[in-house]
Every structure is written in structure tokens, then in C-alpha cells.
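See structure below.
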Amino acid sequence: MAEIQGYIHSYESFGAVDGPGVRFVVFVSGCPLRCLYCHNPDTWIKTDGTLTSAEAVVSTICEYKNFIKNGGVTISGGEPLMQPAFCREILLRCKQEGLHTAIDTSGAVPLSTCRDTIDAADLILLDIKDIDAEDCKTLTGQTNENALALLSYCEETKKPVWIRHVLLPGYTLSDEKLHKMGETLASFSCIERVEINPFHKMGEYKWETIDRPYTLKEVSPPSAEDVSHAKEVLRSYGLPL
Ligand code: SF4
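For what it's worth, UniProt numbering labels the leading residue of the sequence shown as 1, then goes sequentially.
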């Protein structure tokens, strides 16, 4: 049988923020979105990554098995679901090794292309970029339609989901949007956790290496009060934060 290969951007052997416990994080390359705040624009082009077999990826992961046996493996990016067969093969091989698996996704690819890959993961970390479809297009280049379809699929198949959301002043930081988000997400019992991440500029310097202007130069990160207010609004809808 032909080897399943895909494009890898990099690895992080002791990730602490991408799922439960200490995790080995595989960053794949390629992303269909162009988020204005992206801190990894160097992952956008799939073929800029290193072509690697799923077998080789899992063999690298297994070198760290002792450290991640109570955590697991997360495939992040870029957008993992742009390489669905490759990611699925990594997830299945990790399962054979007894490791917990997660996909960190923006849900930006059509569900029809990635159902099997979602089925193969233990947990989905789903980034809801903007709860308003048109504003999502302004922020990322695409509406949130595919992300919400992915969330509905997780609900249908009882797949655990952790929602992530970046609080960006002038874009997603508004009471109206937070209430809309609370109302929308409250009906999904598959959501185990909601994480609010304040916008930051740590990747701004990387934009100098790509042929695009960084348009958020004048935008400041939200205050601690803004973040705790946003959490309060979402908690008021019974969401787990
Ligand atoms: S989905 Fe992630 S990698 Fe893709 S553009 Fe947005 S922030 Fe960057």
C-alpha cells in the first residue's frame, strides 16, 4: 500500500495549551484562511512544509511517549483538515499506540472532505473566529458556515469539542457578539469547554516576511476586565469556561 504523506511545518514536544495534559503538537502546513491576527502566517502555504510520511511522524511522536502518556497528541497548523487523509492516518496510528488525540481546527474546510478525520480524533479544538458570518469573512476571508457545520456534526456524533475564540477589540469584542455566541453555543451538549484567548501581537514580526500588510498595528490587546467580562457573558448562557 502506498505510504500516506503530508506536509509538516514543525513539532512542539511539550505543548501545554492545546488539549488536556502535556501534548506532542504536530503543526501541519497549509491554511485556507487569512486571519488578520494570524501569528503563524509562515504555515499558510502547504508546500512550504516538509513532505513527511505519517509513519515517520508517529515514529517521532513515539520518542516522547513517556512524557505524553497522560496527555496526548494534537494536530494543529495551519489547518489540519486541509490534509484530511494524512491527519487521519496520524490519528489512527497514535490510537494504536494508546495515545489520546486531538485536532486543532478553524473548521474552515467543507465537512464533506473531512468527516472521517474528525471521526478518528478523540477531541476537536474548534476555533470560532467570529459568530457573525459576514464579519467572519472580513476577519478571515471566509464565513463561519463550515465551522458551524463541523460543530453540528460533532453534536450529532457526540464528539467532545473545546471551543476557542480570540477576543479582538473592534472585531469580536462586543456585547452583541458575545451574547449571540452564548445563545448559539448554548444548545450544543458536545461542548466540554470554552476558551477565550485575548488577541496578541506575538506573530506580528512574521508578517514582514510575507507579501501582506499587518492591518492590526494600531489595535491593542483587550484589557483583563474585557476578558473577564466576555467570560461572564458566556458563562451566563451556561457555557463551561
Ligand atoms: S486559521 Fe490559524 S493558521 Fe490559518 S490564518 Fe487563521 S490564525 Fe493563521
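Beta carbons: idealized from backbone N, C-alpha and C, even for Gly.
- Residue range 65–68 is occupied by the alpha helix (DSSP H) that includes F67, with no beta strand (DSSP E) assigned at that position.
- Going by beta carbons, S112 and E79 fall outside the 8 Å limit.
- In this structure, P160 sits near L123, with a CB-CB distance shorter than 8 Å.
- The beta carbon of Y11 lies closer than 8 Å to those of F24, V25, V26, F27, T60 in the same chain, with the five residues before and after it left out.
- The DSSP-derived three-state label of I90 is helix.
- A108 has no beta-bridge partner at all, per DSSP.
- Contact between I163 and L185 is confirmed by a C-beta separation of about 6 Å, below the 8 Å threshold.
- Each of G21, P41, S220, A2 was checked against the Cα of G203, and the nearest Cα belongs to P41.
- Rounded to whole angstroms, the Cβ separation of L126 and L178 is 17 Å, and the two are not in contact under 8 Å.
- One alpha carbon belongs to D116, the other to P84, and they sit about 8 Å apart.
- Put simply, of T101, V22, Y37 the residue whose alpha carbon is nearest the alpha carbon of P221 is Y37.
- Taking a C-beta distance under 8 Å as the contact criterion, L148 and A120 do not qualify as a contact pair.
- In this structure, the alpha-carbon of G21 lies about 20 Å from that of I118.
- If you keep only unbroken beta strand (DSSP E) runs of at least 3 residues inside the stretch 24–82, you get 50–53, 72–76.
- The Cβ-Cβ distance between L81 and C114 falls below 8 Å.
- Sequence-distant partners of P240 (beyond 5 residues in either direction) whose C-beta falls short of 8 Å from its own C-beta, in its chain, are I191, E192, R193, V194.
- For the ligand SF4, residues qualifying as neighbours are C31, L33, R34, C35, Y37, C38, H39, N40, P41, T43, W44, G77, G78, E79, S106, A108, D127, T140, where qualification means a beta carbon closer than 7 Å to at least one of its heavy atoms (chain order).
- Straight across, the Cα-Cα distance linking V219 with G170 is about 8 Å.
- Rounded to the nearest whole angstrom, the CA to CA distance from I4 to N146 is 26 Å.
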